[in-house]
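Counting with my numbering, you get residues 1183 to 1293 for the letters of the sequence shown. Here a beta-carbon is modelled for each residue, glycine too, at the ideal position from N, C-alpha and C. Keep in mind that this is a model prediction, so the values were computed, not measured. To keep things clear, I will list the structure first and then write my remarks on it.
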Amino acid sequence: MDRRDFIKKTGKAVALATVTGGTGLLFHNRVKSNYEAIIPKTKDFEIPFDSNLPGIALARNEDHLAALNGSLDAIGGIKRFIKPGERVTIKPNVGWDRVPAQAANTNPELV
């Protein structure tokens, strides 16, 4: 490629880039959106801190349901977290092909 061809091809590339950029600027929406008005407000699910209750509880019992209830009672009960009328999704950990005795998944008795 000689110098003359290089200048022609470079000029065409610059012209194409200018037209493309100019077209983008022409159709660009310059009106600023109020994104805060678009984002819906969500309910605050934060639980008030209670210094009389622990942040985490551990319970050991051969009866798994009794262990769950004991640990929930220790942190203030399930009603502290879920109010009447609220919808709740239960997502058990069931990612492994293991029996309950191996404790890799959520025990099916609790679900």
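- DSSP places S1253 within a helical segment (H, G or I) once states are collapsed to three.
- T1288 sits in coil when the DSSP states are folded into three classes, being neither helix nor strand.
- Rounded to whole angstroms, the gap between the alpha carbons of L1254 and F1209 is 58 angstroms.
- Under the three-state reduction of DSSP output, T1205 falls in the helix class.
- In the structure shown, the three-state DSSP call for A1197 is helix.
- DSSP places I1220 within a helical segment (H, G or I) once states are collapsed to three.
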